[in-house]
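Novice: Numbering (my numbering), first residue to last: 37 to 409. Beta carbons: idealized from backbone N, C-alpha and C, even for Gly. As the structure is a prediction and not an experimental result, all values here were calculated from the model.
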């Protein structure tokens with residue numbers, strides 16, 4: 037279907053509530069980080085558009101059939117490197133911990149660095165080949181997706197729900213704390229050390245506290261907290277909670293009031309936006325924004341399914357590539373460990389791009405996970 041650009045989330049074109057009978061998909065919105073200005077927060081405005089795809093046709097295809105139909109072209113990256121080197125990122129970590137957290141600006145902040153390069157011979161078929169690699173190689177993703185617009189293509193495997201809504205039920209899914217798998221693969225001792233690490237526990241507690249504030253705003257009919265749980269992926273594992281509430285708000289209002297997760301900004305979120313503007317070079321584009329699939333259920337009630345735009349390749353028509361990643365910085369942060377965390381978070385997409393090798397012992401379907409050990 038056509039792609040439109042709009043200024044505000046409220047401008048996303050949807051049928052009136054109760055106007056359409058039966059289930060359906062009304063829009064897929066690409067929400068950039070700059071949209072947080074709607075909440076009155078500081079943000080570097082890089083002009084990334086709030087783009088809305090209005091589908092003329094929607095199909096469901098079984099995964100096996102899809103994998104068989106997707107192309108298998110080589111996808112490589114030339115001149116790939118991070119915009120901020122490892123040593124420079126360590127210096128940023130030290131400054132944020134000392135100057136921002138140490139002086140009471142907030143409890144935790146997420147600072148981005150971006151892997152950039154060029155995909156030679158890029159075209160839609162290579163984007164679909166990358167999509168196939170992520171479907172086959174990543175595990176534990178909430179959404180694995182390819183979204184094509186005239187200005188760019190997003191291909192990613194995001195582990196985290198931004199927000200979803202069905203009927204009056206709203207769900208958020210704060211994920212924080214990262215267990216980086218060692219070269220020999222994950223093991224029970226490493227997992228237990230991670231689960232008892234005060235720094236990792238603090239990360240999760242802080243982001244849950246911040247996202248509970250958002251849930252209290254949108255969940256005007258009450259809610260509950262479920263967890264903690266372990267989320268296992270191909271290169272790392274995270275700890276997570278699920279926040280559930282009941283709401284009478286329009287889905288566009290829910291999107292607005294939940295911009296953006298503390299797991300990709302920091303807490304308090306308003307202060308985090310100022311810290312991000314001070315310490316990150318350039319705007320964030322779509323990194324840490326959201327996709328938003330909006331539709332209706334069988335009774336005509338609004339539905340919303342929205343993953344956070346992380347672990348995602350943003351590719352321009354000329355093949356220019358950007359993969360944003362960030363580490364959550366707290367008072368106990370070790371600069372070298374935070375650098376390693378950014379590499380681990382980029383690993384899934386960079387492996388699919390051929391930039392780094394696949395993990396030595398990939399999990400097979402049916403293989404017991406860490407949580408079963």
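Pick out the complete beta strand (DSSP E) segments inside the segment 82-130, 3 residues or longer, and give them in chain order.
Specialist: Taking only runs of at least 3 residues, the beta strand (DSSP E) segments lying wholly in the segment 82-130 are 86-89, 114-118.
Novice: Do you know offhand how far residue 127's Cα is from residue 319's?
Specialist: Their backbone Cα atoms lie some 20 angstroms apart in a straight line.
Novice: Please identify the residue among 87, 105, 195 whose C-alpha is closest to the C-alpha of residue 97.
Specialist: Selected option, being the one with the closest Cα: 105.
Novice: Can you say whether residue 378 is buried or exposed, counting buried as having 16 or more other CB atoms within 10 angstroms of its CB?
Specialist: Buried is the call here.
Novice: According to DSSP, what are the bridge partners of residue 153?
Specialist: Per DSSP, 357.
Novice: DSSP three-state label for residue 209, please.
Specialist: The answer is coil: DSSP assigns residue 209 none of H, G, I, E or B.
Novice: Count the CB pairs spanning the segment 234-254 and the segment 319-328 that are closer than 8 angstroms, and state whether there are at least three.
Specialist: Contact between the segment 234-254 and the segment 319-328 is absent, because fewer than three Cβ pairs lie under 8 angstroms.
Novice: From residue 94 to residue 160, what does the alpha carbon distance come to, in whole angstroms?
Specialist: Looking at the two C-alpha atoms, the distance is approximately 19 angstroms.
Novice: Quick check on the burial criterion: 16 or more other C-beta atoms within 10 angstroms. Buried or exposed for residue 400?
Specialist: Because the pLDDT of residue 400 is 40, which lies under 50, any placement of that residue in the model is unreliable, and the number read from its coordinates should be weighed accordingly. Burial call: exposed.
Novice: Shortest alpha-carbon distance to residue 390 belongs to which of 340, 113, 173?
Specialist: If we check each option's Cα against that of residue 390, 113 comes out closest.
Novice: Is the segment 236-243 in contact with the segment 359-377, if contact means three or more CB pairs nearer than 8 angstroms?
Specialist: Taking 8 angstroms as the limit for Cβ pairs, the verdict is that the segment 359-377 does touch the segment 236-243.
Novice: Between the Cα of residue 116 and those of 155, 148, 138, spot the shortest distance and give me the residue it belongs to.
Specialist: Considering only alpha carbons, the answer is 155.
Novice: Quick check on residue 276: buried or exposed, where buried means 16 or more other Cβ atoms within 10 Å of its Cβ?
Specialist: With 16 or more other Cβ atoms within 10 Å, it is buried.
Novice: How far does the alpha helix (DSSP H) with residue 424 in it reach, from first residue to last?
Specialist: Outside the shown range of the chain (37 to 409) lies residue 424, about which nothing can therefore be said.
Novice: Rounding to the nearest angstrom, what Cα-Cα distance links residue 37 and residue 150 in this structure?
Specialist: Whole-angstrom Cα-Cα distance: 31 angstroms.
Novice: Return the chain-ordered list of same chain residues with a C-beta closer than 7 angstroms to the C-beta of residue 205, the five sequence neighbours on each side being excluded.
Specialist: Answer for residue 205: 280, 282, listed in chain order.
Novice: Nearest to residue 190 by alpha carbon, out of 350, 393, 357?
Specialist: Of the listed residues, the one whose Cα sits closest to residue 190 is 350.
Novice: For residue 403, which of helix, strand or coil comes out of DSSP?
Specialist: Any reading at residue 403 must be qualified, since the residue scores a pLDDT of 41, below 50, and its modelled position is unreliable; the value itself is stated next. Three-state result, residue 403: coil.
Novice: Count the C-beta pairs between the segment 66-86 and the segment 168-175 that are closer than 8 angstroms, then say yes if the count reaches three, no if not.
Specialist: These segments do not touch.
Novice: Provide the residue(s) that pair with residue 189 in DSSP beta bridges, ordered along the chain.
Specialist: Residue 189 is bridged to 184, 351.
Novice: Ends of the alpha helix (DSSP H) at residue 373?
Specialist: Run containing residue 373: 371-388, per the alpha helix (DSSP H) assignment.
Novice: So the alpha helix (DSSP H) residue 50 belongs to, where does it begin and stop?
Specialist: Residue 50 -> no alpha helix (DSSP H), and no H or E assigned at all.
Novice: Contact defined as beta carbons within less than 8 angstroms: I believe residue 371 pairs with residue 216. What is the distance between those atoms, to the nearest angstrom?
Specialist: Contact flag wrong, Cβ pair sits at about 15 angstroms.
Novice: Using the C-alpha atoms, what's the distance from residue 125 back to residue 85?
Specialist: Looking at the two C-alpha atoms, the distance is approximately 28 angstroms.
Novice: Residues in the same chain with beta-carbon distance under 6 angstroms from residue 381, minus the five sequence neighbours each way, listed in chain order, please.
Specialist: Cβ within range, chain order: 361.
Novice: Express the C-alpha separation of residue 99 and residue 257 in angstroms, rounding to a whole number.
Specialist: Spanning the two alpha carbons is a distance of roughly 37 angstroms.
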